[in-house]
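Trainee: To start, I am sharing the structure in question, which I have written as structure tokens.
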Amino acid sequence: ESISFCISRLFGVTGNCAACSKLIPAFEMVMRAKDNVYHLDCFACQLCNQRFCVGDKFFLKNNMILCQTDYEEGLMKEGYAPQVR
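Numbering-wise (the working numbering), the sequence shown opens with residue 4 and increments by one.
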């Protein structure tokens, strides 16, 4: 299974990006996956850096965002399953 996403509303509080660990100001638009929050520019596959478009599917493994290709390759190699919300 996979997760589709949309751009989240304003972050609302100051915090850190799950990908780059840099500060996210409270007024910035963000992406969310489970409990993680990302800068819009940081929301990409963490293996191949493919950027996602609204409506694209992504997968989570150990809090890593993966594109469908990298997820399926990993599934065949390691037999892992996504964390779905």
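Where a beta carbon is used, it is the ideal one built from N, C-alpha and C, also for glycine.
Measuring CB atoms only, is the segment 40-51 touching the segment 20-30, in the sense that at least three cross pairs come out at less than 8 Å?
Mentor: Segments in contact, yes.
Trainee: Which residue from N66, L50, V33 puts its Cα closest to that of V57?
Mentor: Residue 57 sits at position 54 when you count from the first residue of the sequence shown. Per the Cα distances, V33.
Trainee: Do the CB positions of Q71 and K60 come within less than 7 Å of each other?
Mentor: Here residue 71 corresponds to residue number 68 of the sequence shown, with the count starting at 1. Here residue 60 corresponds to residue number 57 of the sequence shown, with the count starting at 1. Yes, the pair counts as a contact, with Cβ atoms nearer than the cut-off.
Trainee: Quick check: T17 and A36, are their CB atoms within less than 7 Å of each other?
Mentor: For the purposes of this step, residue 17 is taken as the residue at position 14 of the sequence shown. For the purposes of this step, residue 36 is taken as the residue at position 33 of the sequence shown. No.
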